[in-house]
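Participant: Here the sequence shown stands for residues -27 to -1, 1 to 508, where the numbers follow mature numbering (1 follows the signal peptide of the UniProt record, and there is no 0).
The beta carbon of each residue, even a glycine, is placed where N, CA and C say it ideally should be.
Being a predicted model, the structure only gives us computed values, none of them experimental.
I have a structure I would like to understand better, so I am pasting it below and will then ask my questions one at a time.
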Amino acid sequence: MKKLRKITGAILSFVFLLSCIGGAAYAAESPKTVSPTNSAVFINGTSVSFQAYTVDGYNYFKLRDIAKALTGTGKQFDVGYDGANNAITLTPGKAYTPVGGELSAGVPGNQPAAASTSKIYLNGNQISLTAYQIGGYNYFKLRDIGAAINFGVTYHPGTNAIDVDTSAAYSAETSNAGFFDPTVDYTKHPRYKIVYLMISSGTLYDAMSKSYNNWADRMNCDYTDWTANADLDLYIETLQTYAIQGIDGFLLDADLSLYPRIEEITKELNIPWMSGMAAPQDDSGALIHPTVVFDNARMGVQMASWVIDYAKKTWPNAAASEIGMLSMDFSIVPVIHARTTGAQSVWKQYYPEQSAHFFIADGVVGTLDSDTGYNLAEAIFAMNPNIKYWLICAFFDDYASGAAKAAAASGMSDRCVIIDVGGAALVNNWDNGENSSWKASVFASQALYAEPIVGGLYALMEGTATPETLWPDWVNKNAGDKYATIQTPVAVITQDNYQEYLEWVDSYTGFNESNYPYHGTQFTLRATPPASYHG
């Protein structure tokens, strides 16, 4: 076989992932500690507030709350308890008898959960349902109660909302194509075998593999990973070997040059796949498969807008002529450079007379470490002594860290503010009580980034979507695309909100990767397709 030429695609992909994923840089907590769920629930179209929790990735609701909410509908049911026999009784068609405390706000934050040992009886017949004791109450999966009482349950991933329809019969669940569905019991579906093939190894690939593994576990899939150690030929050979061995689907982080060949092989063998950190394109640059991306220009806008707002609040008397913005770039990666373009557009909007005070420090002259970040920032500071206040947008954590050290060494930590894309290192700094001019990060949770990738693969394996029909609203028709380019939402985290954000992520994913207090703050779970895709 003709040897494939190693090019810079793997490096560029690595840089892209490095600059996007927030990572998991915080301690794990007990798997039996559960988080409040943030799904909205509608009963026959009316919003109802429930105290619900995520347990192992599934939404659990207080049994008596469900019974109370369905009172007066065609699917009402009563709940009884036989303490002597530790038995719960469900009586369909009978009006619920309140005992007090139904549909009331519970204790905020995470709670301990223990598997319930109570027996469950439906119309006198014992049934098997998974339940947990949380705060002295029994919590059940909503779909399990829907199946027992026979009412419809539908999950909408676009809005993270659950609809209960008492006029509809319960129907066998199917996963919501392209996302994890917390109302689905995936153990009732086929157990698929997934392999994550990495072109190289390293901490970031390991972090992505961890998130993929977590989602595969949530969706009842077998999971393994493998790395080619930058050997392009071995990557293709191993993909073919796994295919012959009966793998059901691939998660791929390949060298960019390999995707046309991968598309040929997987089509020939009829095996679904999804790419990870980079969009799969053919030799002409056309998209050849659905992909998950970030809106990088928007990230630049977010960074610049945040530091400008910070500057106006912190240094209200600073003259425009005293302020400069520094974008720490990596120009050979177009998606990274798009952030500089976005930041520059905001600078021009707010400081139209100070275009000369927008500076670009290009990381291609150095390496991907904090020393390069330090050297780039220090040189810009030294060459522009007329600028008193610095607003810095860095493309990843190491450069932000280096710039913060340069600001401290130059004696202007109190006249500099830094934001970046990433944030794992910044979270560690805050957890350790450290404070510097690095004040914020556009944080992309790797768990939320990985969800549609694994969810998309699951839909392709299950047959509920094809590459052409997956996420149809996200197909950029104006660009002539045939496949979806779905964008992952991000959040600006600061020392004031980072704990709440990470716990919110846990409340949705059920991964329990953080150990912070949570007070129910909501962040954006799903992005909205840009109007430019269809207009």
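Note the first and the last residue of the continuous beta strand (DSSP E) segment covering H129.
Facilitator: Counting from 1 along the sequence shown, the entry for residue 129 is found at position 156. From DSSP, the beta strand (DSSP E) with H129 extends over 125 to 129.
Participant: Less than 8 Å separating the beta-carbons of A334 and A350?
Facilitator: Numbered from 1 along the sequence shown, position 361 holds the residue referred to as residue 334. Numbered from 1 along the sequence shown, position 377 holds the residue referred to as residue 350. In contact: A334 and A350 (Cβ atoms closer than 8 Å).
Participant: If you follow the beta strand (DSSP E) that D335 is in, where does it begin and where does it stop?
Facilitator: Along the sequence shown, read from residue 1 onward, the residue named residue 335 stands at position 362. Start and end: 331 to 335.
Participant: DSSP three-state call for F113: helix, strand or coil?
Facilitator: Within the sequence shown, residue 113 is the residue found at index 140, counting from 1. Correct three-state label for F113: strand.
Participant: Quick one: Cα of A398 to Cα of I466, how far?
Facilitator: Numbered from its first residue, the sequence shown carries residue 398 at position 425. Numbered from its first residue, the sequence shown carries residue 466 at position 493. Spanning the two alpha carbons is a distance of roughly 12 Å.
Participant: One question on the structure: do T139 and Y94 come within less than 8 Å of each other, judged by their Cβ atoms?
Facilitator: Within the sequence shown, numbered from 1, the residue matching residue 139 stands at position 166. Within the sequence shown, numbered from 1, the residue matching residue 94 stands at position 121. Not in contact: T139 and Y94 (Cβ atoms no closer than 8 Å).
Participant: Among Q472, Y324, H162, E237, which has the Cα closest to the Cα of K285?
Facilitator: Position 312 of the sequence shown, counting from 1, holds the residue named residue 285. Among Q472, Y324, H162, E237, the Cα nearest to that of K285 is on Y324.
Participant: So, is R191 buried or exposed, given that buried needs 16 or more other C-beta atoms within 10 angstroms?
Facilitator: On the sequence shown, position 218 is the one that residue 191 refers to. Classification of R191: buried, given that the 10 Å Cβ count is 16 or more.
Participant: Is Q254 near I238, with beta carbons less than 8 Å apart?
Facilitator: Numbered from 1 along the sequence shown, position 281 holds the residue referred to as residue 254. Numbered from 1 along the sequence shown, position 265 holds the residue referred to as residue 238. For Q254 and I238, no; Cβs fall outside 8 Å.
Participant: Please return the same chain residues whose Cβ sits closer than 7 Å to the Cβ of S202, not counting the five positions on each side in sequence.
Facilitator: Counting from 1 along the sequence shown, the entry for residue 202 is found at position 229. With the sequence shown as reference, residue 202 is identified as Asn, and Ser is not the correct amino acid for it. If we look at N202 and ignore the five residues flanking it on each side, its Cβ neighbours are S173, S174.
Participant: Can you tell me the Cα-Cα spacing of N401 and D393, whole angstroms?
Facilitator: Counting from 1 along the sequence shown, the entry for residue 401 is found at position 428. Counting from 1 along the sequence shown, the entry for residue 393 is found at position 420. N401 and D393 have their C-alpha atoms some 15 Å from each other.
Participant: How many Å lie between G258 and I235 at the Cα?
Facilitator: As a working mapping, residue 258 is identified with position 285 in the sequence shown. As a working mapping, residue 235 is identified with position 262 in the sequence shown. Approximately 15 Å, taken between the alpha carbons.
Participant: Output the boundary residues of the beta strand (DSSP E) element that contains T64.
Facilitator: For the purposes of this step, residue 64 is taken as the residue at position 91 of the sequence shown. Start and end: 60 to 65.
Participant: Do F50 and L43 have their CB atoms nearer than 8 Å?
Facilitator: One-based indexing of the sequence shown puts residue 50 at position 77. One-based indexing of the sequence shown puts residue 43 at position 70. In this structure, L43 lies closer than 8 Å to F50 by Cβ.
Participant: Between the C-alpha atoms of A141 and P65, what's the straight-line distance to the nearest angstrom?
Facilitator: Here residue 141 corresponds to residue number 168 of the sequence shown, with the count starting at 1. Here residue 65 corresponds to residue number 92 of the sequence shown, with the count starting at 1. A141 and P65: Cα-Cα distance of roughly 15 Å.
Participant: Name the two residues that bound the continuous beta strand (DSSP E) containing T90.
Facilitator: Locating residue 90 in the sequence shown gives position 117, counting from the first residue. First-last for T90: undefined, no H or E at that position.
Participant: What does the alpha-carbon distance come out to for the pair A25 and K41?
Facilitator: Mapped onto the sequence shown, residue 25 falls at position 52. Mapped onto the sequence shown, residue 41 falls at position 68. Roughly 14 Å between the two C-alpha positions.
Participant: So, at 6 Å on beta carbons, what are the nonlocal neighbours of I167 in its own chain, with the 5 sequence-adjacent residues on each side left out?
Facilitator: Residue mapping note: residue 167 aligns to position 194 of the sequence shown, counting from 1. Once the five neighbours on either side are set aside, the close Cβ partners of I167 are A189, C194, Y196, G222.
Participant: Give every residue of the same chain whose Cβ lies closer than 8 Å to the Cβ of A120, excluding the five residues on either side of it in the sequence, and list them in chain order.
Facilitator: Walking along the sequence shown from the start, residue 120 turns up at place 147. Taken in chain order, the residues that qualify are Y143.
Participant: Relative to the C-alpha of S414, which candidate in V72, V52, G151, Q468 has its C-alpha closest?
Facilitator: Reading the sequence shown from its first residue, position 441 is the one you call residue 414. Considering only alpha carbons, the answer is Q468.
Participant: Assuming G336 and D387 are in contact, meaning their beta carbons sit under 8 Å apart, how far apart are those beta carbons, in whole angstroms?
Facilitator: What you label residue 336 is simply residue 363 of the sequence shown in a count that begins at 1. What you label residue 387 is simply residue 414 of the sequence shown in a count that begins at 1. About 26 Å separates the two Cβ atoms, so there is no contact after all.
Participant: What does the alpha-carbon distance come out to for the pair A423 and Y185?
Facilitator: As a working note, residue 423 is residue 450 in the sequence shown. As a working note, residue 185 is residue 212 in the sequence shown. Taking the straight line joining both Cα atoms gives about 6 Å.
Participant: Measure the C-alpha to C-alpha separation of C366 and A216 and round it to an integer number of angstroms.
Facilitator: Within the sequence shown, residue 366 is the residue found at index 393, counting from 1. Within the sequence shown, residue 216 is the residue found at index 243, counting from 1. If I take the Cα positions, the gap works out to 43 Å.
Participant: Which runs of the beta strand (DSSP E) at least 3 residues long sit entirely within the region 396 to 459? Give them in chain order.
Facilitator: 411 to 416
Participant: Are there 16 or more other CB atoms within 10 angstroms of the CB of A180, so buried, or fewer, so exposed?
Facilitator: In the sequence shown, counting from the first residue as 1, residue 180 sits at position 207. Its Cβ being crowded by 16 or more others within 10 Å, A180 is buried.
Participant: Taking DSSP as the reference, what is the three-state secondary structure of L205?
Facilitator: Reading the sequence shown from its first residue, position 232 is the one you call residue 205. In the structure shown, L205 sits in a helix (DSSP, three-state: H, G or I).
Participant: Measuring CB to CB, does I426 end up less than 8 Å from M247?
Facilitator: Locating residue 426 in the sequence shown gives position 453, counting from the first residue. Locating residue 247 in the sequence shown gives position 274, counting from the first residue. Yes. Within cutoff.
Participant: In three-state DSSP terms, what is S230?
Facilitator: In the sequence shown, residue 230 corresponds to position 257, counting from 1. Three-state DSSP puts S230 in a helix.
Participant: Give a yes or no on whether the C-beta atoms belonging to P155 and M434 are separated by under 8 Å.
Facilitator: Looking up residue 155 in the sequence shown gives position 182. Looking up residue 434 in the sequence shown gives position 461. Going by C-beta atoms, P155 is not nearer than 8 Å to M434.
Participant: With DSSP run on the structure shown, which of helix, strand or coil describes T214?
Facilitator: The sequence position of residue 214 within the sequence shown is 241, counting from 1. T214: helix per DSSP, three-state reduction.
Participant: Compute the Euclidean distance between the alpha carbons of Q495 and W477, then round it to the nearest angstrom.
Facilitator: Reading the sequence shown from its first residue, position 522 is the one you call residue 495. Reading the sequence shown from its first residue, position 504 is the one you call residue 477. Cα to Cα, Q495 sits roughly 7 Å from W477.
Participant: Do G436 and F152 have their C-beta atoms closer together than 8 Å?
Facilitator: Numbered from 1 along the sequence shown, position 463 holds the residue referred to as residue 436. Numbered from 1 along the sequence shown, position 179 holds the residue referred to as residue 152. Against a cut-off of 8 Å, the Cβ pair of F152 and G436 comes out as no contact.
Participant: When you compare only the Cα positions, how much space is there between T264 and A457?
Facilitator: On the sequence shown, position 291 is the one that residue 264 refers to. On the sequence shown, position 484 is the one that residue 457 refers to. A direct Cα-to-Cα measurement between T264 and A457 gives close to 6 Å.
Participant: Who are the near neighbours of Y506 in its chain, counting only those whose CB is closer than 6 Å to its CB and skipping five residues on each side?
Facilitator: As a working note, residue 506 is residue 533 in the sequence shown. Answer for Y506: N449, listed in chain order.
Participant: Assign K183 to one of three DSSP states: helix, strand, or coil.
Facilitator: The sequence position of residue 183 within the sequence shown is 210, counting from 1. Looking at K183 - three-state DSSP - the assignment turns out to be helix.
Participant: How many angstroms separate the CA atom of S182 from the CA atom of Y54?
Facilitator: Along the sequence shown, one-based indexing puts residue 182 at 209. Along the sequence shown, one-based indexing puts residue 54 at 81. Using only the alpha carbons, I get a separation of about 45 Å.
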